[in-house]
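Before any comments, here is the structure.
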Amino acid sequence: MIPLIVIALIVVFVIGLYNRLITLRQRVREAWSDIDVQLKRRHDLIPNLVATVQGYAAHEKGVFENVTKARAAAVAGQNGTPQERAVAENQLTAALRTVFAVAENYPQLQAVQEFKDLSENLAATEDKIAFARRFYNGNVRDYNTALQTVPTNILAGMFGFTPEQYFELADATEREVPKVSFG
């Protein structure tokens, strides 16, 4: 009788650990979908921003082509790993900085309400992306820690659980939200 109780307790323990890993992995996936939603929102705002700035600075064609290419690369990489997405988004952020640098040279553009609204929406979206990234990375940390601790690491290896990647920006300058001054 005692061996059956011990076996039953071990089975319950293993099931508990397995369910914990499943829960943590699902939290990571849910947090990633939050990032994905905000990145898509950002991608949707960019064409309108470019069109607005282009109306005032049409001769800055190279800047607009770079932003368009960076946005296309970011959209195309939506099924990539967090690291691949981060690289594409970093390139898009750098391209956006050049658009805002161009915009600063046109005071009449900064007075246009549509440009102000788009800039504010983009800044709000960048804040939401930063929050979602912190939330995602926290869930990844919890999940990866669970995968590395005993006895969960044994169970994780048996059932094929693998560590998740963080969604990180490369350096401090890329962590800054593109800034624009309204004069």
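First residue of the sequence shown: 290, per the numbering used here; consecutive thereafter. The beta-carbon is built from N, C-alpha and C at its ideal position, and this holds for glycine as well.
{"Item": "Just the C-alpha distance for Tyr345 and Tyr395, rounded to the nearest angstrom, thanks.", "Value": "7 Å"}
{"Item": "Near Gly472, what residues of its chain come up, given a Cβ to Cβ distance below 8 Å and the 5 sequence neighbours on each side ignored?", "Value": "Residue confidence is low: Gly472 scores 48 on pLDDT, short of 50, so the model does not pin down where it sits. Its coordinate-derived value is still stated next. The residues are Pro396, Gln399, Ala400."}
{"Item": "Can you grab the Cα-Cα spacing for the pair Asn426 / Asn442, in whole Å?", "Value": "20 Å"}
{"Item": "One question on the structure: do Leu310 and Leu411 come within less than 9 Å of each other, judged by their Cβ atoms?", "Value": "no"}
{"Item": "Quick check: Glu403 and Arg331, are their CB atoms within less than 9 Å of each other?", "Value": "no"}
{"Item": "At what residue ranges does the segment 326-352 contain a whole run of the beta strand (DSSP E), taking only runs of 3 or more?", "Value": "none"}
{"Item": "Grouping DSSP H, G and I as helix and E and B as strand, with all else coil, what is Tyr307?", "Value": "helix"}
{"Item": "Of all the options Ala361, Asn337, Asn433, which has the alpha carbon lying nearest to the alpha carbon of Arg314?", "Value": "Asn433"}
{"Item": "Is the CB-CB distance between Ala320 and Val439 below 9 Å?", "Value": "no"}
{"Item": "Evaluate Ser408 with the Cβ neighbour count: other Cβ atoms within 10 Å of its Cβ, from every protein chain shown; 16 or more gives buried, anything less gives exposed.", "Value": "buried"}
{"Item": "Measure the beta-carbon distance from Asn355 to Ala384 and round it to whole angstroms, keeping in mind my assumption that it falls under 8 Å.", "Value": "5 Å"}
{"Item": "Could you give the first and the last residue of the continuous alpha helix (DSSP H) run that contains Ala400?", "Value": "That residue, Ala400, is in no alpha helix (DSSP H); it is neither H nor E in DSSP."}
{"Item": "Can you tell me which of the three DSSP states Gln372 falls into?", "Value": "helix"}
{"Item": "Assign Glu463 to one of three DSSP states: helix, strand, or coil.", "Value": "Caution applies to Glu463, whose pLDDT of 48 falls short of 50 and renders its modelled position unreliable; the model cannot decide the point."}
{"Item": "What did DSSP end up calling Phe420 once you bin it into helix, strand or coil?", "Value": "helix"}
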